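Numbering (this note's numbering), first residue to last: 113 to 417.
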């Protein structure tokens with residue numbers, strides 16, 4: 113059974129106007145064509161909707177039952193059209209985001225909160241990945257937007273400026289280095305390190321720079337999150353290197369000190385990652401524009417505390 117929404121809308125008009133001629137004029141259709149459509153609707157539904165006589169047409173009980181059903185169907189159709197226009201305008205939909213832990217812990221909570229407050233009909237799905245996986249997910253269309261450490265990943269993606277962060281050394285408050293105003297990387301190589309998991313950007317950075325110093329990195333333990341890293345450092349299992357903004361989250365609750373790392377590579381850039389701006393959906397472009405609007409805000413100061 114195929115129901116024509118035009119015929120349903122005409123039927124509702126006839127019921128509301130109590131006359132075919134007035135309903136036909138309201139729907140901008142000839143009266144003869146309106147009568148024909150109503151007859152076809154009755155044939156389709158296999159029910160008599162109107163009693164026809166010399167005095168006009170009278171709705172049957174079936175017509176009153178159909179009126180409520182037809183109004184519901186037409187409202188649903190109008191709702192579909194409205195929602196699709198919303199999708200096209202970029203105010204309703206879903207955005208898949210993948211980001212590294214540095215972006216998730218330092219910048220995204222506040223930025224996503226303000227974005228979703230402004231666009232409550234947009235659903236953001238966020239997943240944590242290491243930077244290499246972020247680039248791959250975006251290139252393979254498994255994600256719409258990525259956030260990663262700036263660099264070359266061998267993927268067909270476009271990188272856009274986002275935020276800068278700064279790596280610091282985290283030590284227990286009672287540690288021998290706790291009173292230092294800044295540290296060179298070589299100075300922490302004499303101590304046990306609480307590092308991030310293999311494959312992470314910070315782990316790769318520390319391994320590479322330790323190799324340049326020709327001093328082995330004393331990785332006592334490796335963890336998958338900054339909170340676990342700070343807990344291990346506060347327990348005296350070693351010193352850690354992590355972004356300042358992330359360290360500040362845990363510094364107040366744990367007996368920790370953050371010390372600036374006096375190395376040029378400690379200043380890092382984070383980038384937004386997309387396949388191309390042209391390929392973004394309306395809602396994904398809204399999110400990218402929102403995140404770019406916050407890019408370049410001053411990073412936290414790395415003075416020792």
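Note that the Cβ used here is the ideal one computed from N, Cα and C, for glycine as well.
Note that this is a predicted model, so its numbers are computed, not measured.
Residue 298 and residue 327 closer than 9 angstroms at C-beta = The residue labelled residue 298 in the question sits at position 186 within the chain shown. The residue labelled residue 327 in the question sits at position 215 within the chain shown. Yes, these two residues count as a Cβ contact at 9 angstroms.
Three-pair Cβ contact test at 8 angstroms for the segment 169-183 versus the segment 119-128 = yes
Proximal residues to residue 117 (C-beta, below 7 angstroms), its chain only, five neighbours per side dropped | Here residue 117 is taken as the residue at index 5 of the chain shown, counted from 1. Cβ neighbours of residue 117 beyond the five flanking positions: 186 and 189.
Counting Cβ pairs closer than 8 angstroms, one from the segment 236-250 and one from the segment 203-218, do we hit at least three?
-> yes
Would residue 380 be called buried (16 or more neighbouring beta carbons within 10 Å of its own) or exposed?
-> Residue mapping note: residue 380 aligns to position 268 of the chain shown, counting from 1. Flag for residue 380 reads buried.
Mapping DSSP to helix, strand and coil, what is residue 248?
-> Locating residue 248 in the chain shown gives position 136, counting from the first residue. Reduced to three states, the DSSP call for residue 248 is helix.
In the DSSP assignment, find the unbroken beta strand (DSSP E) run with residue 380 in it and report its ends.
-> Position 268 of the chain shown, counted from the first residue, corresponds to residue 380. Per DSSP, residue 380 belongs to the beta strand (DSSP E) from 379-386.
Take every Cβ of the segment 299-308, pair it with every Cβ of the segment 383-402, and state whether three or more of those distances are shorter than 8 angstroms.
-> no
Can the beta-carbon of residue 215 be found closer than 9 angstroms to that of residue 239?
-> Indexing the chain shown from 1 puts residue 215 at position 103. Indexing the chain shown from 1 puts residue 239 at position 127. No; because the gap between Cβ atoms is not below 9 angstroms, this pair is not in contact.
Starting from residue 327 and walking both ways along the beta strand (DSSP E), at which residues does that stretch end?
-> As a position in the chain shown, residue 327 is number 215, starting the count at 1. That residue, residue 327, is in no beta strand (DSSP E); it is neither H nor E in DSSP.
What is the DSSP secondary structure of residue 187, counted as helix, strand or coil?
-> One-based indexing of the chain shown puts residue 187 at position 75. If DSSP states are grouped into helix, strand and coil, residue 187 belongs with the helices.
With DSSP as the reference, please indicate the residues paired to residue 371 in a beta bridge.
-> In the chain shown, the residue the question calls residue 371 occupies position 259. DSSP output for residue 371 lists 281 as bridge partner(s).
Mind pulling the alpha helix (DSSP H) runs of 4 or more residues that sit fully within the segment 116-161?
-> 117-129, 132-138 and 143-157
Would you identify the three-state DSSP class for residue 414, choosing helix, strand or coil?
-> The residue labelled residue 414 in the question sits at position 302 within the chain shown. Residue placement at residue 414 is flagged as unreliable, the pLDDT there being 42, under the threshold of 50; a coordinate-derived value is accordingly withheld.
Taking the alpha-carbon positions, what's the residue 313 to residue 261 distance?
-> Working through the chain shown from its first residue, we reach residue 313 at position 201. Working through the chain shown from its first residue, we reach residue 261 at position 149. Cα to Cα, the separation comes out at about 8 angstroms.
Just checking my contact of residue 378 with residue 370 at CB under 8 angstroms: how many whole Å lie between their CB atoms?
-> On the chain shown, residue 378 is found 266 positions in, with the first residue counted as 1. On the chain shown, residue 370 is found 258 positions in, with the first residue counted as 1. Their Cβ separation, rounded to whole angstroms, is 12 angstroms, which puts residue 378 and residue 370 out of contact at 8 angstroms.
What residue from 166, 217, 183 and 134 has the CA that sits closest to residue 259's CA?
-> Taking the chain shown and counting its residues from 1, one reaches residue 259 at position 147. Comparing Cα positions, the closest option is 217.
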